[in-house]
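Take a look at the structure below.
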Amino acid sequence: MRKLFASLTILLAAFACSSPEKTEVSSETTTPKIITAGGTISEIVVGLGLGDQIIATDRTSTFPASLQSLPSIGYRNQIKAEGILSLSPDMILVEEGYLNEEVISQIQSVSTIKLEVFPKTQSKEQTIDLIQQIAAFFEIEEQGQAMIAELEQDLQNLNDFLSNSKPNGKAAFVMARGPESLFIAGDGSFSESIFGIAGVEQVETNFEDFVPLTPEALISLNPDYLVMFESGLESLGGTSGLTKIPGITETTAFQKDQIIAMDGLYLSGFGPRMGKAALELAKATRTQEN
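Printed below as a string of structure tokens:
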């Protein structure tokens, strides 16, 4: 009887030791799989510490560089719902107006996917609001406030520079997609907004958004600085290809070699690095006073 009792005691002890391990395994949870569409949204999500949960993104999501190694869902109206759904995401974060309505409807018909549309930004205030909205969506407001604090410090650095510098002339932004596809920015464009933040005066225009660039218009506007995306400059063959822009050789910007090329998302995204981009642009077009 004593031997039987001892054997039962050993079995019960072994069972008791194994129980916590089983409970611990069953408590494991999986992290959501995220797809982003819109470079600014992607940059914010990564900045909030959620980059490892992004399983795919779009072609405009170029920063940080690690995003470019992920599967691509395409670009704007080329994006199809089938490609997105085949990746089985749990969440999709998209910039307003980025996907067509048919794609939005197809995604919304899948009950297991949470789709959230966020507004496009084009000002300091809108950028701060967007960071707050995305942080609130993931319920990580503290990380959002830290990102906003860094942005506000960048903007303070910009304001300090602007208060001790003076502009050297007016600027124009040219969008290039090769020598046969050239556009100049006007009122209401992103460049007017970022120029204003950076303390850069845009050349006077009498049109909205973007219009095709003509030699007559460029010569008439005669910008002191010509601002472009790096990708746009590359599409012309680099600096040596600038002469492919009709009328450019007659401008002060070309004659004084005052051509500024910046990364597209960095300059136009109005994301967390907006203050840094504006300061870089300001330093390229203004002279610091003693």
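Plus 8 on top of the position in the sequence shown (first one is 1) and you've got my numbering. From the three backbone atoms N, C-alpha and C, an ideal C-beta is built for every residue, glycine too.
#### Entry: Cut-off 6 Å between Cβ atoms - residues of its own chain near residue 206, not counting five sequence neighbours on either side
The residue given as residue 206 occupies position 198 in the sequence shown. Counting only Cβ-Cβ distances below 6 Å, and skipping sequence neighbours, we find 286, 289 and 290.
### Query
Rounded to whole angstroms, how far is the Cβ of residue 247 from the Cβ of residue 267, which I believe are closer than 8 Å?
To locate residue 247, count along the sequence shown from 1; it is residue 239. To locate residue 267, count along the sequence shown from 1; it is residue 259. Yes, they are in contact, since the Cβ atoms of residue 247 and residue 267 sit about 7 Å apart, within 8 Å.
### Task
Could you please give the first and the last residue of the uninterrupted beta strand (DSSP E) stretch that includes residue 173?
Locating residue 173 in the sequence shown gives position 165, where the first residue counts as 1. Segment 173-175, the beta strand (DSSP E) holding residue 173.
### Segment contact flag, the stretch 159-176 with the stretch 72-87, C-beta cutoff 8 Å, min 3 pairs
no
### Query
Which partner residues does residue 102 have in the DSSP bridge list?
What you label residue 102 is simply residue 94 of the sequence shown in a count that begins at 1. DSSP output for residue 102 lists 45 and 125 as bridge partner(s).
### Task
Could you spell out where the beta strand (DSSP E) holding residue 234 opens and where it closes?
For the purposes of this step, residue 234 is taken as residue 226 along the sequence shown, with counting starting at 1. Run containing residue 234: 233-237, per the beta strand (DSSP E) assignment.
### Task
Counting only runs of 3+ residues fully inside the stretch 71-121, write out the beta strand (DSSP E) ranges in chain order.
99-103
### Message
Just verifying my parser: in three-state terms, what is the DSSP assignment at residue 307?
### Response
As shown, the chain starts at 9 and ends at 298. That puts residue 307 outside it, with no answer to give.
### Cα-Cα separation, residue 295 to residue 261
In the sequence shown, the residue the question calls residue 295 occupies position 287. In the sequence shown, the residue the question calls residue 261 occupies position 253. Rounded to whole angstroms, residue 295 to residue 261 spans 16 Å at the Cα level.
### C-beta atoms of residue 177 and residue 232 nearer than 8 Å
As a working note, residue 177 is residue 169 in the sequence shown. As a working note, residue 232 is residue 224 in the sequence shown. Against a cut-off of 8 Å, the Cβ pair of residue 232 and residue 177 comes out as a contact.
### Task
Since I believe residue 61 is in contact with residue 70 (beta carbons under 8 Å), could you give me their beta-carbon distance rounded to a whole number of angstroms?
Here residue 70 refers to the residue found at position 62 when the sequence shown is read from its first residue. Here residue 61 refers to the residue found at position 53 when the sequence shown is read from its first residue. Contact flag wrong, Cβ pair sits at about 19 Å.
### Coarse secondary structure for residue 223, derived from DSSP in three states
One-based indexing of the sequence shown puts residue 223 at position 215. Here residue 223 sits in helix by DSSP.
### Query
Do you know whose CA, among 129, 175 and 249, lies nearest residue 201's CA?
Stepping through the sequence shown from its first residue, residue 201 is reached at position 193. Out of 129, 175 and 249, 129 has the C-alpha closest to the C-alpha of residue 201.
### Query
What number of angstroms, rounded off, separates the C-alpha of residue 277 from the C-alpha of residue 118?
Here residue 277 refers to the residue found at position 269 when the sequence shown is read from its first residue. Here residue 118 refers to the residue found at position 110 when the sequence shown is read from its first residue. Straight-line Cα distance between these residues: approximately 30 Å.
### Query
Does the count of Cβ pairs from the stretch 40-60 and the stretch 97-106 closer than 8 Å reach three?
yes
### Message
Measuring only the C-alpha atoms, how far is residue 120 from residue 142?
### Response
Sequence index remark: in the sequence shown, residue 120 carries index 112 (1-based). Sequence index remark: in the sequence shown, residue 142 carries index 134 (1-based). Near 20 Å, if we compare the C-alpha coordinates of residue 142 and residue 120.
### N- and C-terminal bounds of the beta strand (DSSP E) containing residue 268
One-based indexing of the sequence shown puts residue 268 at position 260. First-last of the beta strand (DSSP E) with residue 268: 267-270.
### Query
Under three-state DSSP, which class holds residue 182?
For the purposes of this step, residue 182 is identified with residue 174 of the sequence shown, where counting begins at 1. Strand.
### Query
Going by Cα to Cα distance, which pick from 131, 250, 270 and 180 is closest to residue 218?
Residue mapping note: residue 218 aligns to position 210 of the sequence shown, counting from 1. Checking every option, the nearest Cα to that of residue 218 belongs to 180.
### Message
Quick check: the Cα distance between residue 184 and residue 149, rounded to an integer number of angstroms?
### Response
Translated into positions along the sequence shown, residue 184 becomes position 176. Translated into positions along the sequence shown, residue 149 becomes position 141. Rounded to the nearest angstrom, the two C-alpha atoms are 39 Å apart.
### Query
Span of the beta strand (DSSP E) holding residue 62?
Here residue 62 is taken as the residue at index 54 of the sequence shown, counted from 1. First-last of the beta strand (DSSP E) with residue 62: 62-64.
### Task
Identify whether residue 292 lies in helix, strand or coil by the three-state DSSP scheme.
Counted from its first residue, the sequence shown places residue 292 at position 284. Three-state DSSP puts residue 292 in a helix.
### Burial state of residue 51 (16 or more Cβ within 10 Å)
Indexing the sequence shown from 1 puts residue 51 at position 43. Label assigned to residue 51: buried.
### Buried or exposed (CB count within 10 angstroms, at least 16 for buried), residue 280
Residue numbering aside, residue 280 sits at position 272 when the sequence shown is read from its first letter. Classification for residue 280: buried.
### Task
Taking residue 146 as the reference, give the member of 89, 55, 254 and 212 with the closest Cα.
Here the question's residue 146 lines up with position 138 in the sequence shown. Measuring from the Cα of residue 146, the nearest candidate turns out to be 55.
### Task
Might you give, ordered along the chain, the residues of its own chain that have their beta carbon closer than 8 Å to the beta carbon of residue 253, omitting 5 neighbours on each side?
The residue labelled residue 253 in the question sits at position 245 within the sequence shown. 182, 184, 187, 190, 221, 226 and 244, listed in sequence order.
### Task
Return the residue from the list 241, 153 and 40 that minimises the CA-CA distance to residue 140.
Indexing the sequence shown from 1 puts residue 140 at position 132. Checking every option, the nearest Cα to that of residue 140 belongs to 153.
### Message
Here's the rule I'm using: 16 or more other beta-carbon atoms within 10 Å means buried, otherwise exposed. How should residue 195 be labelled?
### Response
For the purposes of this step, residue 195 is taken as the residue at position 187 of the sequence shown. Counting Cβ neighbours within 10 Å, residue 195 comes out exposed, since fewer than 16 surround it.
### Query
Around the Cβ of residue 215, are there at least 16 other Cβ atoms within 10 angstroms (buried) or fewer (exposed)?
The count along the sequence shown starts at 1 and reaches residue 215 at position 207. The residue is exposed, with fewer than 16 neighbouring Cβ atoms inside 10 Å.
### For residue 292 and residue 115, the rounded distance between their alpha carbons
By 1-based counting over the sequence shown, the position of residue 115 is 107. By 1-based counting over the sequence shown, the position of residue 292 is 284. About 44 Å.
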